[in-house]
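Participant: Below you will find the structure I want to go over with you.
In UniProt numbering, the protein residues as written are 1 to 147.
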């Protein structure tokens, strides 16, 4: 890649919390890039974490989050403006209570060769949304490792 790095690796962290059950919540992450100097953010690793959804007998509950390059709400990796996603799911069963699953994509790239994402925008957006939860229990946290 033809990047001229002007800094060592650094971290950016953000958190967003649900304000209502199953509602969409988005936090803006200001990058302070100088677009006149053509500064970009080279994202090498993203760690996303979400809380556990509510356990509701017989219902599948979810908490999902995505880190985006634009304010597009919760989206999947098929959208070109999505940097990373995470989901935490409980598949409910009326007898056993449920089984949990967690998935996060992508975690990291080969640090020196290919970054996960290159952003030239002033902001990133962390979006969170739940499904079938009883309370506003969702919290999403992210840590971005970039240069």
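A virtual CB, placed ideally from N, CA and C, is assigned to each residue, including glycine.
Source: prediction; values computed, not measured.
In chain order, what are the residue ranges of uninterrupted beta strand (DSSP E) at least 3 long that sit wholly in the stretch 69–123?
Facilitator: 82–91, 99–105 and 117–119
Participant: By DSSP's criteria, residue 130 is part of a beta bridge. Which residues make up the other side?
Facilitator: Here residue 130 corresponds to residue number 130 of the chain shown, with the count starting at 1. Partner(s): 63.
Participant: Tell me the rounded alpha-carbon separation between residue 114 and residue 44.
Facilitator: Position 114 of the chain shown holds residue 114. Position 44 of the chain shown holds residue 44. The alpha-carbon atoms of residue 114 and residue 44 are separated by roughly 8 angstroms.
Participant: Specify, as a first and last residue, the run of the beta strand (DSSP E) that residue 46 falls within.
Facilitator: Your numbering for residue 46 matches position 46 in the chain shown. First-last of the beta strand (DSSP E) with residue 46: 41–50.
Participant: Using CA coordinates, which residue listed in 120, 142 and 40 is at the minimum distance from residue 48?
Facilitator: Start at 1 with the first residue of the chain shown, and residue 48 comes out as number 48. The candidate whose alpha carbon is nearest that of residue 48 is 142.
Participant: Determine, for residue 57, whether the minimum Cβ-Cβ distance to residues of chain C falls below 7 angstroms.
Facilitator: Included in the structure is just one protein chain, with no chain C present.
Participant: For the pair the stretch 4–16 and the stretch 55–62, tell me if three or more CB-CB distances fall below 8 angstroms.
Facilitator: no
Participant: Check the DSSP bridge columns for residue 16 and list the partner residues they point to.
Facilitator: Counting from 1 along the chain shown, the entry for residue 16 is found at position 16. Its beta-bridge partners are 140.
Participant: Please return the same chain residues whose Cβ sits closer than 7 angstroms to the Cβ of residue 131, not counting the five positions on each side in sequence.
Facilitator: What you label residue 131 is simply residue 131 of the chain shown in a count that begins at 1. Same-chain partners within the cutoff: 22, 61 and 62.
Participant: Mark residue 35 as exposed unless 16 or more other C-beta atoms lie within 10 angstroms of its C-beta, in which case mark it buried.
Facilitator: Counting from 1 along the chain shown, the entry for residue 35 is found at position 35. Residue 35 is exposed by the Cβ-count criterion.
Participant: Compare the C-alpha of residue 136 against each of 54, 42 and 5 and name the closest.
Facilitator: For the purposes of this step, residue 136 is identified with residue 136 of the chain shown, where counting begins at 1. Minimum Cα distance to residue 136 is reached at 54.
Participant: Considering residue 25, what are the terminal residues of the beta strand (DSSP E) in which it resides?
Facilitator: For the purposes of this step, residue 25 is taken as the residue at position 25 of the chain shown. Looking at the DSSP string, the run of the beta strand (DSSP E) that includes residue 25 is 25–30.
Participant: Rounding to the nearest angstrom, what Cα-Cα distance links residue 104 and residue 76 in this structure?
Facilitator: Translated into the one-based positions of the chain shown, residue 104 becomes position 104. Translated into the one-based positions of the chain shown, residue 76 becomes position 76. Each residue's Cα considered, the two are about 11 angstroms apart.
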